[in-house]
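Numbering (the numbering used here), first residue to last: 2 to 152.
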């Protein structure tokens with residue numbers, strides 16, 4: 002398998018590209034900075050780049066809002082596609098880090114639970130308890146870091 006024979010280079014794009022710590026919703030194409038390193042990475046003999054994470058989030062990247070969109074602090078999906086194309090042109094594969102067992106408070110299904118409580122169609126995706134309250138005053142307690150999904 003190619004992964005066993007590749008040298009990986011790990012990049013945390015939000016930090017590497019100088020993105021703001023908190024997501025203010027302003028879209029700025031910063032992800033191109035990764036592409037500007039393609040020649041250097043090829044010279045080093047890098048066979049794959051591990052990018053973690055790149056999806057839309059509120060702060061650090063692992064508090065995911067949307068698993069289908071590149072974080073606007075890095076640019077657009079098209080900006081990201083251009084970076085991937087450039088890396089591929091240098092013989093470098095791209096691996097994305099995504100955490101599918103938890104999401105951020107702004108993830109659409111969790112927002113629905115916050116808005117509809119017990120009546121949310123997505124309540125069972127999360128470990129919730131409506132006999133308590135979270136530190137955020139949501140009106141229910143939840144176990145952070147875990148999601149149960151029937152996808």
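Glycine included, each C-beta is placed from N, C-alpha and C at the ideal position. Computed from a prediction, not measured in an experiment: that's the story for all the values here.
>> Taking the alpha carbon of residue 124 as the reference point, which residue from 71, 137, 109 and 136 has its own alpha carbon closest?
In response: Taking the Cα of residue 124 as reference, the smallest distance to any Cα among 71, 137, 109 and 136 is reached at 109.
>> If contacts are defined as beta-carbon pairs under 8 Å, then residue 59 and residue 24 qualify, I think. What distance do you get, rounded to the angstrom?
In response: The beta-carbon separation of residue 59 and residue 24, rounded to 5 Å, stays under the 8 Å limit for a contact.
> Shortest alpha-carbon distance to residue 55 belongs to which of 72, 47, 41 and 42?
Replying inline: 72
>> If you reduce the DSSP assignment to three classes, tell me which class residue 141 lands in.
In response: Here residue 141 sits in coil by DSSP.
> How many angstroms separate the CA atom of residue 133 from the CA atom of residue 107?
Replying inline: 20 Å
> In three-state terms, what does DSSP make of residue 136?
Replying inline: coil
>> Count Cβ pairs between the stretch 109 to 120 and the stretch 68 to 88 that sit closer than 8 Å; are there 3 or more?
In response: no
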